[in-house]
Amino acid sequence: MEHIAALLLIVGCSQDLGECRELPAPVPVYETYEECDAALPASYDAQKNSAERVFARCIDVDPAMEEMDAELVWDITAEGMLVAAVEPIDESGVLVASHVDRDEAESVSQR
Numbered sequence: 002m003e004h005i006a007a008l009l010l011i012v013g014c015s016q017d018l019g020e021c022r023e024l025p026a027p028v029p030v031y032e033t034y035e036e037c038d039a040a041l042p043a044s045y046d047a048q049k050n051s052a053e054r055v056f057a058r059c060i061d062v063d064p065a066m067e068e069m070d071a072e073l074v075w076d077i078t079a080e081g082m083l084v085a086a087v088e089p090i091d092e093s094g095v096l097v098a099s100h101v102d103r104d105e106a107e108s109v110s111q112r
């Protein structure tokens with residue numbers, strides 16, 4: 002089985018960051034973070050016209066999570082920064098859903 006050390010995440014958003022979605026990366030997984038980092042500029046350039054604002058970054062994958070169920074969690078902050086992490090899926094069986102009205106100062110989040 003191939004070891005994954007980094008994921009390449011590309012996100013496209015509207016100008017006001019009100020709507021964001023994941024964009025396809027040409028190669029989404031890498032065996033080293035350095036390989037991902039080297040591919041990031043070309044991958045970003047390939048998607049830069051896919052949305053009004055495009056964000057891209059490499060995310061470290063903890064090798065200890067290899068045997069766990071995990072999910073990629075990302076957020077575009079109000080300051081226009083892409084933050085992301087690979088996190089273990091909570092196996093507690095509890096699902097919480099809520100709805101709140103957000104104003105433009107809040108961030109957009111995708112799980």
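First residue of the sequence shown: 2, per the working numbering; consecutive thereafter. In this text, a Cβ means the ideal position worked out from N, Cα and C, and glycines have one as well. Please read these numbers as outputs of a predicted model, since none were measured by experiment.
Bounding residues of the alpha helix (DSSP H) (the contiguous stretch that carries residue i)
| i | result |
| --- | --- |
| P25 | Looking at the DSSP string, P25 is not in any alpha helix (DSSP H), and its letter there is neither H nor E. |
| P42 | 34-48 |
Residue environment, residue i, which counts as buried when at least 16 other CB atoms sit within 10 Å
| i | result |
| --- | --- |
| G19 | exposed |
| G81 | exposed |
| A39 | exposed |
| V28 | exposed |
| A57 | buried |
Proximity to residue i [Cα-Cα], best of the options
| i | options | result |
| --- | --- | --- |
| M66 | M82, A57, P89 | P89 |
| C21 | Y31, A43, D76, E80 | D76 |
| V30 | E53, A6, Q16, T78 | A6 |
| N50 | L9, G13, E68, V84 | G13 |
| D78 | A43, D17, L9 | The sequence given here has Thr at residue 78, not Asp. Selected option, being the one with the closest Cα: D17. |
Per-residue DSSP class, three states only, for residue i
| i | result |
| --- | --- |
| Q16 | coil |
Boundaries of the beta strand (DSSP E) in which residue i is found, first to last residue
| i | result |
| --- | --- |
| A57 | 54-61 |
| A86 | 83-89 |
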